[in-house]
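Going by this note's numbering, the letters in the sequence shown line up with residues 1 to 225, in that order.
Idealized CB from N, CA, C, for every residue including glycine.
Report on one structure; see the data block that follows.
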Amino acid sequence: MKKLITIVILVFVGFSCKKTEPYNTDLDYSYFPIQEGHFVEYHVLTISHDINLNPSIDSNEYYLKVTVGEKILNNVGDSVNKLNFYVKPHLDSSYVLDKVNTVYNNGFQGIYNLDNQKYIKLAFPAYLDLSWNVNAYNTYDEMTSTVVKRDYSGSVNGSNFSSLLKTQQLDFFSLVDYQKAHEVYAKDIGLVQIYFKDLTIQNFDTTQIKKGEEVYWDYLNSGME
């Protein structure tokens, strides 16, 4: 469950570079834009599995809008931006403010402060194979995030992007476990996808789920307001 909290609420001290590669002066801040009024909308789906419950599958589907708000000082005097989370149950519904968190870039790390817990979403510059502990600033178990792909073109939920960066948090498969988790960032937009599965399975069969969580955030739209 701690892994679910880390990924979902949805974002780097002590990062280590696994390999050295030629690099320019671009620190990749454009993959983590923090500009007042910038927003991204997502379709969100969460699924909980537990064969001991009835029903054994519980799903929740909604729409999320994350907006960068005004600059403020946090409780230690750092300059941060508000990060406003709005939700609605249907595409044609109106958004309602759900919670206010904060976001900032300290020059080396892109950090979300969610429910008073800090998560390092990206490290800069984001070299290929760069790894860091997402939970270095909070009390949760260590979780490693690694840049596995960068500066590639691709699509997310039907939208095309010319420059994407992908980080991976989980990749494990065994007789009884299936764990996959990654995040995708688009240049000048930010986070465009969360893919998370942490499942207990039977006999290597990923369709025979005993217990676990799935979370999917998929990009819908972005802009300025």
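- If you ignore the 5 residues before and after phenylalanine 108, its C-beta comes within less than 6 Å of the C-beta of Phe124, all in its own chain and listed in chain order.
- Rounded to whole angstroms, aspartate 50 and phenylalanine 204 show a C-alpha spacing of 17 Å.
- Within the same chain, Tyr29, Phe32 and Ile34 come within 7 Å of asparagine 105 by CB-CB distance, once the 5 residues on both sides are set aside.
- The beta-carbon separation of leucine 199 and glycine 212, rounded to 3 Å, stays under the 8 Å limit for a contact.
- Under the three-pair Cβ rule at 8 Å, the segment 179-197 counts as touching the segment 155-162.
- Close CB contacts of phenylalanine 161 within its chain, under the 8 Å cut and outside five residues either way in sequence, are with Ser153, Gly154, Ser155, Ala186, Lys187, Ile189 and Val192 (chain order).
- Check the Cα spacing between leucine 73 and each of His43, Ser163, Ile201 and Asn101: the tightest is with Asn101.
- For the segment 30-117, the full-length beta strand (DSSP E) segments reaching 3 residues or more read 38-50, 57-73, 79-88, 96-105 and 109-114 along the chain.
- Nearest to serine 59 by alpha-carbon distance, out of Val66, Ser48, Leu53 and Lys65, is Ser48.
- Here glutamine 208 is exposed: its Cβ has fewer than 16 other Cβ atoms, across all protein chains shown, within 10 Å.
- Note: asparagine 221 is bridge-paired with Glu41 in the DSSP secondary-structure output.
- By DSSP's assignment, glycine 158 forms no beta bridge with any residue.
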